[in-house]
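What follows is a short report on a single structure.
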Amino acid sequence: MKDRTFETGADMHHRTEEGGTYDTYRKLGGIINEKDCLSTLKRAEKIAVFSEPLIRQAENIAAYAGIVLDNSSGVDPKVKLYAVLRADNKPGGVEHHHSQMSDQRLFAEAIRMLGDVDSLNKMVTAYPNISF
1 MKDRTFETGA DMHHRTEEGG TYDTYRKLGG IINEKDCLST LKRAEKIAVF SEPLIRQAEN
61 IAAYAGIVLD NSSGVDPKVK LYAVLRADNK PGGVEHHHSQ MSDQRLFAEA IRMLGDVDSL
121 NKMVTAYPNI SF
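Numbering (the UniProt record's numbering), first residue to last: 1 to 132.
Below you can see the structure in the form of structure tokens.
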């Protein structure tokens with residue numbers, strides 16, 4: 001088992017402007033390019049209806065990892081980001097794309113985009129055989 005934990009920085013809140021969000025995401029081990037990362041954050045904020053199977057899949061991953069989701073004002077932001085990322089199709093001419101990641105890895109990428117260190121550490125602990 002590989003032990004890897006992430007530490008909280010001072011600016012770990014959700015921002016969609018250039019710079020801060022992506023820098024934090026990369027420091028947490030994120031591998032999605034900046035354009036796709038910022039596009040995903042913006043699309044997740046604008047979409048009102050999400051695929052029910054994708055929502056259930058993200059909720060199951062979170063529950064297994066012991067991550068509490070906040071659905072008090074609609075769908076939890078982690079779930080929204082996961083749903084947007086999972087619904088993306090690999091564009092032509094691209095060798096590597098986030099659509100090729102496992103569901104758990106993709107949910108971890110959504111968590112990184114939000115800078116949620118606690119949830120990311122829970123994912124690493126719950127899924128020790130997945131390289132995050």
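Just so it is clear, CB atoms sit at the ideal spot from N, CA and C, and this is done for glycine as well.
Query, Result
"LEU69 beta carbon less than 8 Å from that of ALA110", "no"
"Separation of LEU120 from LEU38, as counted between CA atoms", "19 Å"
"Whole runs of the alpha helix (DSSP H) within the segment 48 to 114, excluding any shorter than 4 residues", "52 to 65, 77 to 87 and 103 to 113"
"DSSP three-state assignment for ASN33, whether helix, strand or coil", "coil"
"As assigned by DSSP and simplified to three states, the class of LEU120", "helix"
"Same chain, Cβ closer than 6 Å to ASP88, neighbours up to 5 away in sequence not counted", "SER99"
"Beta-carbon proximity list for ARG105, same chain, < 7 Å, skipping 5 on both sides", "ILE130 and PHE132"
"TYR22 in three-state terms, based on DSSP", "helix"
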